[in-house]
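A short write-up of the structure that comes next.
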Amino acid sequence: MKISKLLRITGLGVLFLLTASVAPPPPPDVGKVSFPLGNVLILSKGERQFRKVSFNMPILNGDKIETKTQSRCEITYNDGSVVRIDEQSIYTVDKVEIGKENKDVESELSIGKLWANIKKVVSGRDTWKLKSPAAVVAVRGTIYRMNAGADSSSQVLVYDGNVAVSPAAPASAQQGMGVIPPGQPQQIQGPVQVQGPNQVSMAEWFEIIKAQQQIVVRPDGSYAKSDFNLADDGKLEWVQWNKERDEMLK
Numbered sequence: 165m166k167i168s169k170l171l172r173i174t175g176l177g178v179l180f181l182l183t184a185s186v187a188p189p190p191p192p193d194v195g196k197v198s199f200p201l202g203n204v205l206i207l208s209k210g211e212r213q214f215r216k217v218s219f220n221m222p223i224l225n226g227d228k229i230e231t232k233t234q235s236r237c238e239i240t241y242n243d244g245s246v247v248r249i250d251e252q253s254i255y256t257v258d259k260v261e262i263g264k265e266n267k268d269v270e271s272e273l274s275i276g277k278l279w280a281n282i283k284k285v286v287s288g289r290d291t292w293k294l295k296s297p298a299a300v301v302a303v304r305g306t307i308y309r310m311n312a313g314a315d316s317s318s319q320v321l322v323y324d325g326n327v328a329v330s331p332a333a334p335a336s337a338q339q340g341m342g343v344i345p346p347g348q349p350q351q352i353q354g355p356v357q358v359q360g361p362n363q364v365s366m367a368e369w370f371e372i373i374k375a376q377q378q379i380v381v382r383p384d385g386s387y388a389k390s391d392f393n394l395a396d397d398g399k400l401e402w403v404q405w406n407k408e409r410d411e412m413l414k
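Here the sequence shown is numbered in our numbering, starting from 165 and rising by one per residue.
Structural data, given as structure tokens:
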């Protein structure tokens, strides 16, 4: 009787060890919440309810961060790149793979304001893209900000380096968009005059936006590119706060 009981216990132990050995490892962290301010919520992949973020909380692929009124959130990725979202913003970490030899990052600003200080990429295969309802921004290391409006328009302003901006497109079309190699900006087509609600596809144009330039992309795919005044822009509290935070990074 004792031997039979011992065999059953041993069998259960072996089964537990086998189950544990084949269990999938937990998803890796891709960054952390380095500065939460106010009421900041997070919804992780597979969860149904938002929960409040905390300082140094790990960020995983699929996480959606939402800031309420008078709230802000700073996220630091594993390569040191920093993204900050202003109040009443929704930001999603779609896919982040940051290794020693490669970077492949895709995220999305559904609505609100975002500031990004992205570390320079090394390999020509690296990609770092930010999507909004109206635009796709690809960078190789720069400082820029984006406003995603309630009307689905998007504004991108560049402070350092340059970015490639295209209109938003279905996921199948976006897969073909890479980061423009440095020193090789190519304009496929100039600004397109859009008639009525017709959308300009991503294959028809992209624009290189350099420091002290901005672009506004409308939901129909039309856009306007221009310079902006750094002095006037620097008076905005959101801009001042981000520049102060960037100085702290140094």
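All C-beta atoms in this analysis are idealised placements derived from N, C-alpha and C, irrespective of residue type, glycine included.
Buried or exposed by the 16-neighbour rule on C-beta atoms within 10 Å, applied to residue i
| i | result |
| --- | --- |
| residue 211 | exposed |
| residue 311 | buried |
| residue 304 | buried |
| residue 414 | exposed |
| residue 401 | exposed |
Assumed close pair residue i, residue j - CB separation to whole angstroms, cut-off 8 angstroms
| i | j | result |
| --- | --- | --- |
| residue 237 | residue 194 | Between residue 194 and residue 237 the Cβ distance is about 15 angstroms, and since that is not below 8 angstroms, they are no contact. |
| residue 277 | residue 249 | 7 angstroms |
| residue 381 | residue 318 | 5 angstroms |
Test item: CB-CB of residue i and residue j under 8 angstroms
| i | j | result |
| --- | --- | --- |
| residue 251 | residue 235 | yes |
| residue 281 | residue 410 | yes |
| residue 299 | residue 274 | no |
| residue 244 | residue 283 | yes |
| residue 328 | residue 379 | no |
| residue 224 | residue 191 | yes |
| residue 279 | residue 393 | no |
| residue 376 | residue 389 | no |
| residue 306 | residue 320 | no |
| residue 269 | residue 291 | yes |
| residue 264 | residue 222 | no |
Could you tell me whether the stretch 221-233 touches the stretch 251-269, using the rule of 3 or more Cβ pairs below 8 angstroms?
Enough Cβ pairs lie closer than 8 angstroms, so yes.
Report the residue ranges of all beta strand (DSSP E) runs contained in full by the stretch 233-296; include only those spanning at least 3 residues, in chain order.
The stretch 233-296 contains these whole beta strand (DSSP E) runs: 236-241, 246-249, 254-262, 267-281 and 291-295.
Counting only runs that start and end within the stretch 294-321, where is the beta strand (DSSP E) found for 3 or more residues in a row?
Counting whole runs of 3 or more residues, the stretch 294-321 contains the beta strand (DSSP E) stretches 299-303 and 307-312.
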